[in-house]
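Below is one structure, written out as structure tokens, with a few remarks after it.
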Amino acid sequence: MLNLAAIVGPTAVGKSSIAIEVALKLDGEIISCDSMQVYKGMDIGTAKVSKEKRKIVPHHLVDVVEADQPFSVAEYQSICKQLIKKLNTEGKLPILVGGTGLYYQSVVDDYDFFPMETVQEVREKWNRLIDEKGLDFVYKRLKAIDEDYAAKISPNDRKRIVRALEVYEITGRPFSDQQTKTPNAYNLAVVGLYLERQELYARIDARVEEMLQKGLIEEVQGLRLKGYDLSLNSMQALGYKEVYLYLEGLVTKDEMINEIKRETRRYAKRQYTWFNKDRRIYWINITDYPNESSLAEKISRYLEGQLFHV
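Here our numbering is used: the first residue of the sequence shown is 1420, the next is one more, and so on.
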């Protein structure tokens, strides 16, 4: 059975930097588990690890497609499965790192995605309803018919909301019922990192300020000048949507900043809810460790013990 490690948790908890230390200790390579880091040109707002650090430990599934190209969880899973096999063959430990619950689950439980052709009229009907009544209205419709799948995706993920409603309308069955899974597909060990709420929220606020200082507004402006707009899934990413609305003159700068912070806190809460359902995750409060080195040592020992029974 192929080995697979994972480090998960909410945004801003510090997964990326600690994962590099762990990968160095365990002779591993990192597979990004972030639905927005796959897009090129979206570096600051998605908190990508710097290219210099990616030279220290190889990072996969980062900068895969242009931001105006579609990229599905099924595509992510397919590439990821190939990488896991390849790295195991090479004697390297694949380490999934990130906070996109659906991407994580699709891999560790080896989802078999229900294949079905799209029906354009049905899809257009739901898109029209979004244009008329708003995305939140349609998301609530999805929650009413398929609460499990609605909990797995962002309320801002127009593409997946429409697809799930389309599948339900065509088949009469919730989208979540049409995904079979194989929970024991890998020899798996997972660590979840967490912080108490107020401390995490303080980190989130600080991180948003740091992203703005690093040039998040300019990054979004560059994408906007390429003709990218909110119809793209990539531009629904946290921070990008809010900055886009600011650049369009629809909100003030202070409103934009407050909205990014608020939406990021909400996202972190949803991430906790998602990952808490997975009983395989071994949770570690990072404040229990005096520094990153001791935390990396603890995570490495745990993963090594679970995978190799050391």
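A virtual CB, placed ideally from N, CA and C, is assigned to each residue, including glycine.
Classify residue i as buried or exposed, calling it buried when 16 or more other Cβ atoms lie within 10 Å of its own Cβ.
i     : result
I1572 : buried
N1422 : buried
K1680 : buried
L1561 : buried
G1447 : buried
S1436 : exposed
T1683 : buried
V1484 : exposed
P1574 : buried
T1537 : exposed
K1434 : buried
N1652 : buried
S1451 : buried
Q1501 : exposed
M1420 : exposed
Q1632 : exposed
G1518 : buried
R1579 : buried
T1671 : exposed
R1370 : Absent from the model: residue 1370. The displayed extent of the chain is 1420 to 1729, so no value can be given.
T1508 : exposed
S1497 : exposed
E1661 : buried
G1464 : buried
S1712 : exposed
I1439 : buried
Measuring straight from C-alpha to C-alpha, what distance separates residue i and residue j?
i     : j     : result
K1467 : E1638 : 13 angstroms
T1430 : I1623 : 8 angstroms
L1612 : I1503 : 22 angstroms
V1627 : D1462 : 13 angstroms
L1607 : W1702 : 15 angstroms
R1582 : E1678 : 27 angstroms
T1601 : Y1659 : 35 angstroms
D1688 : K1544 : According to the sequence provided, residue 1688 is Lys. The question's Asp does not apply to it. Cα to Cα, K1688 sits roughly 31 angstroms from K1544.
W1693 : A1570 : 7 angstroms
E1618 : T1706 : 10 angstroms
L1443 : L1614 : 24 angstroms
V1476 : Y1721 : 20 angstroms
N1695 : V1441 : 22 angstroms
R1643 : S1469 : 23 angstroms
G1428 : G1646 : 33 angstroms
A1604 : L1669 : 47 angstroms
L1730 : Y1663 : Here the chain covers residues 1420 to 1729 and nothing more, so residue 1730 does not appear.
G1724 : I1718 : 10 angstroms
K1511 : M1675 : 43 angstroms
A1715 : L1548 : 48 angstroms
R1616 : V1609 : 21 angstroms
S1491 : L1480 : 13 angstroms
A1710 : I1514 : For clarity, residue 1710 is Asn in the given sequence; the question names Ala instead. So the alpha carbons of these two residues sit roughly 21 angstroms apart.
G1553 : L1584 : 15 angstroms
Q1598 : Y1523 : 14 angstroms
E1666 : D1555 : According to the sequence displayed, residue 1666 carries Leu and not Glu. So the two alpha carbons sit approximately 22 angstroms from each other.
C1499 : V1526 : 7 angstroms
D1565 : Y1587 : 9 angstroms
Is residue i near the ligand COA, with its Cβ less than 7 angstroms from a heavy atom?
i     : result
P1429 : Among the components modelled here there is no ligand, and therefore nothing to report on the ligand COA.
Along the chain, where does the beta strand (DSSP E) that runs through residue i open and close?
i     : result
A1608 : N1606 to Y1613
V1586 : No beta strand (DSSP E) contains V1586, which is instead part of the alpha helix (DSSP H) from R1577 to T1590.
I1705 : Per DSSP, I1705 belongs to no beta strand (DSSP E) and is neither H nor E.
V1427 : N1422 to V1427
Give the range of the alpha helix (DSSP H) segment to which residue i is assigned.
i     : result
E1637 : L1635 to L1644
A1687 : K1672 to N1695
I1450 : Run containing I1450: none in the alpha helix (DSSP H); it sits in the beta strand (DSSP E), G1447 to S1451.
Y1558 : L1554 to I1564
Helix, strand or coil for residue i? Go by DSSP, reduced to three states.
i     : result
E1667 : coil
N1710 : coil
A1466 : coil
Y1458 : strand
D1531 : strand
I1549 : helix
I1817 : No statement about residue 1817 is possible, as the shown extent of the chain runs from 1420 to 1729 and does not include it.
Item checked: Complete alpha helix (DSSP H) runs within the segment 1485-1525 (minimum length 4 residues, chain order) -> 1492-1508
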